[in-house]
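Protein sequences, first through last, are from chains A and B. This note's numbering numbers the first residue of the first sequence as 1 and each following residue consecutively. This note's numbering numbers the first residue of the second sequence as 1 and each following residue consecutively. C-beta atoms are modelled at their ideal positions from N, C-alpha and C, and glycine is treated no differently. Only one structure is covered here, and it is reproduced in the block below.
Number of protein chains: 2
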Amino acid sequence: MARTDTALPDLVAAARTGDRRATARLLTIVENDTADAPALAGLVKGGDAQIVGITGSPGVGKSTLVSALITAWRGQGLRVGVLAVDPSSPFTGGAILGDRVRMADHALDPGVYIRSVATRGHLGGLAATTTAGVRLLEGLGFDAVVVETVGVGQAEVEIASLADTTLLLLAPGMGDGIQAVKAGVVEIADVYVVNKADRPGADGTVRDLKAMMSLVRREPGEWRQPVCTTVASETKGIDDLVAAIGKHRDWLAEGDRLAAKRRQRAAAEIRARVDAELKRRYRVPDALAAAVADGETDVASAARSVLGDTG
Amino acid sequence: MARTDTALPDLVAAARTGDRRATARLLTIVENDTADAPALAGLVKGGDAQIVGITGSPGVGKSTLVSALITAWRGQGLRVGVLAVDPSSPFTGGAILGDRVRMADHALDPGVYIRSVATRGHLGGLAATTTAGVRLLEGLGFDAVVVETVGVGQAEVEIASLADTTLLLLAPGMGDGIQAVKAGVVEIADVYVVNKADRPGADGTVRDLKAMMSLVRREPGEWRQPVCTTVASETKGIDDLVAAIGKHRDWLAEGDRLAAKRRQRAAAEIRARVDAELKRRYRVPDALAAAVADGETDVASAARSVLGDTG
Chain A
1 MARTDTALPD LVAAARTGDR RATARLLTIV ENDTADAPAL AGLVKGGDAQ
51 IVGITGSPGV GKSTLVSALI TAWRGQGLRV GVLAVDPSSP FTGGAILGDR
101 VRMADHALDP GVYIRSVATR GHLGGLAATT TAGVRLLEGL GFDAVVVETV
151 GVGQAEVEIA SLADTTLLLL APGMGDGIQA VKAGVVEIAD VYVVNKADRP
201 GADGTVRDLK AMMSLVRREP GEWRQPVCTT VASETKGIDD LVAAIGKHRD
251 WLAEGDRLAA KRRQRAAAEI RARVDAELKR RYRVPDALAA AVADGETDVA
301 SAARSVLGDT G
Chain B
1 MARTDTALPD LVAAARTGDR RATARLLTIV ENDTADAPAL AGLVKGGDAQ
51 IVGITGSPGV GKSTLVSALI TAWRGQGLRV GVLAVDPSSP FTGGAILGDR
101 VRMADHALDP GVYIRSVATR GHLGGLAATT TAGVRLLEGL GFDAVVVETV
151 GVGQAEVEIA SLADTTLLLL APGMGDGIQA VKAGVVEIAD VYVVNKADRP
201 GADGTVRDLK AMMSLVRREP GEWRQPVCTT VASETKGIDD LVAAIGKHRD
251 WLAEGDRLAA KRRQRAAAEI RARVDAELKR RYRVPDALAA AVADGETDVA
301 SAARSVLGDT G
């Protein structure tokens, strides 16, 4: 706080060399959309990171897998950023770091930056905050940016699907495959990963996934999701997974695919900002909610009144 | 489709007597916000249902538990409605019914109505569609309305928390408790249920939950979440759970609590409608998204342009 006098270009330069405090301060500017944000947007743009989204049910080992991926990418000399999306929690007043602790392996490596995105923030939602963070990290020269979402739900799926390549993690047992179909996650995944593949039932999970895949009709040239198996805790299968991610990146690079993804991400980012501002402009008065709850007016009329429409 | 000429009051009367087709048609009117919706809102209002939200990770046995709850409530002579929230799936073009099949037990009982809410629909989101459906079922005289959400995520939590009483289901193992804390679900639950309580690790899960609870400081008179244990597939523990839900309802009935919940639900419903309409009015042009993706303009300027602001 006392150092906000540091000039923005200096902070950017420091962040580019791997200064983690500088990166953290820039991310805070972006997340809070402070007065420095427009100037920062002018200073940091472009970049060519591979954006990887990772989602999956609780307990499948997402953080352990991310840690293993970081190690693999670092071995290739890539700079890696991770945004771990934890919903804001009124219970704790912020992110619960939980197994972020496992990331401690990378705590001293200046080529790695890990942050929990915990607040909906000024930008009006986790998706907006996260996308803005991804944009910044990419602009700062990170080669790979991982977005890890906690849980399987609509919001998490939306966030993960803004990545270039989205990984869906499953673990043997629990009927996870079927559950993932139900949660609508299967459609947005580019690569399936069956983690904890040394556990009983792993073969069955792989078989189920492949059977499900075989039901999907694909046009020639369309991406066919591979099913990777890993034991992330022992870094088994990670090289193959890295290769699969790279293959998807290559596929994206053909034609207009990657550019289309980027436009889609930009559209989502603009949308989220617009929505946040509109929420501020069009508030629902308490008295109106009470009138609807008491049956004095109906929801549609109440909505028209908020919109200032005369109906 | 051929029978849309049936007069609305007749449909409502039929639905009140347990005619499932009539109920289905009225729900469709509400979900699609058709021309009949305002008249329907005038015909069906009020009611005094207990709205119960059920959420939890995939595989913990939500549908089985709902089925057991239905049986228990039916034994008390209550009419029960269930809205099972499945995200809309481009993969299948609609709801994946999955273990809705388990609900087949109740398929011939006119005192039970079960529906999958699969589309964001005209109302602009699953939360809006679901809340409108709950309002209709309550108005039609259902005594208990269950909202079951698939998965644990922000959207699911938001939907479940619109209920009067929200159940969080956990299963032994998988570190589900910690994961639930991370997903921010714990704060919104009124009753914890450890299902599959005959499995190894159940005692530990209960212990963990109770330990977590003991860390929360509560004012006198505040609700203390009970931890129920069930084996839903064998209907074990269901009576105690039904009692716990009833106890929470009694607690809510004191003072302004229940009314406050209803106002909160009404506010969310109005909000969702307003947001949907604003999304229609303020669109993000493709060219603008492309300009942001190409770095020609920044997100904040693009958002201002969509809003029609001159900056």
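C-alpha gap between residue i and residue j, whole angstroms
i	j	result
GLY255(B)	LYS261(B)	12 Å
GLY246(B)	ALA84(B)	21 Å
ALA41(A)	VAL134(A)	12 Å
ARG271(B)	LEU136(B)	18 Å
ALA253(B)	PHE142(B)	18 Å
LEU209(B)	GLU158(A)	30 Å
PRO220(B)	ASP250(B)	16 Å
ILE51(B)	LEU126(B)	16 Å
VAL12(A)	LEU69(A)	26 Å
LEU65(A)	PRO285(B)	38 Å
ALA259(A)	ASP294(B)	9 Å
HIS39(A)	ALA22(A)	According to the sequence provided, residue 39(A) is Ala. The question's His does not apply to it. ALA39(A) and ALA22(A): Cα-Cα distance of roughly 16 Å.
ALA14(A)	SER116(A)	21 Å
LEU241(B)	ARG257(B)	21 Å
GLY77(B)	LEU140(B)	16 Å
ALA302(B)	ALA132(A)	14 Å
ARG263(A)	ILE114(B)	40 Å
MET202(A)	VAL194(A)	According to the sequence provided, residue 202(A) is Ala. The question's Met does not apply to it. Whole-angstrom Cα-Cα distance: 7 Å.
GLY75(A)	ASP239(A)	11 Å
THR71(A)	TYR282(A)	47 Å
GLY237(B)	LYS196(B)	10 Å
VAL44(A)	ARG25(A)	14 Å
SER363(B)	LEU108(B)	A query on residue 363(B) cannot be resolved here, the shown segment of chain B reaching from 1 to 311 and no further.
LEU169(B)	SER214(B)	19 Å
ARG304(B)	ALA291(B)	14 Å
LEU27(A)	THR17(B)	58 Å
GLY204(A)	MET212(B)	35 Å
Beta-carbon proximity of residue i to residue j, cut-off 7 Å
i	j	result
ALA163(A)	VAL147(A)	yes
VAL231(A)	ASP198(A)	yes
LYS62(A)	GLY53(A)	no
GLU138(A)	ALA243(A)	no
ALA189(A)	THR166(A)	yes
LEU278(B)	LEU8(A)	no
ALA266(B)	ALA289(A)	yes
Which of helix, strand or coil DSSP assigns to residue i
i	result
ALA22(B)	helix
ALA49(A)	coil
LEU140(A)	coil
GLY204(A)	helix
GLU219(B)	coil
LYS236(A)	strand
LEU252(B)	helix
VAL44(B)	coil
THR297(B)	coil
THR71(B)	helix
LYS182(B)	Interpretation of LYS182(B) is limited by its pLDDT of 47, a score under 50 that renders its predicted location unreliable; no figure is taken from the coordinates.
LEU341(A)	Absent from the model: residue 341(A). The displayed extent of chain A is 1 to 311, so no value can be given.
VAL292(A)	helix
VAL284(B)	coil
THR17(A)	coil
GLY77(A)	coil
LEU108(B)	coil
GLY56(B)	strand
THR229(A)	strand
GLY133(B)	helix
GLU31(A)	helix
ASP309(A)	coil
Residues bridged to residue i (per DSSP)
i	result
THR6(A)	Partner(s): none; THR6(A) has no beta bridge.
SER384(B)	The requested residue 384(B) does not occur in the structure, where chain B is confined to residues 1 to 311.
ALA84(B)	SER116(B), GLU148(B)
ILE245(B)	In DSSP, ILE245(B) forms no bridge with anything.
VAL194(A)	LEU170(A), THR229(A)
Integer Cβ distance of residue i from residue j, believed to fall under 8 Å
i	j	result
ALA171(A)	GLY59(A)	7 Å
ILE29(A)	ASP36(A)	5 Å
LEU307(B)	VAL274(A)	6 Å
GLU31(B)	VAL299(A)	Not really, about 13 Å apart at Cβ, beyond 8 Å.
ARG224(A)	ARG217(A)	That belief does not hold up - the Cβ atoms of ARG224(A) and ARG217(A) are roughly 11 Å apart, past 8 Å.
VAL82(B)	TRP73(B)	That pair is no contact at about 11 Å.
HIS248(B)	VAL206(B)	Not quite, the Cβ-Cβ distance comes to about 19 Å (not below 8 Å), so this is no contact.
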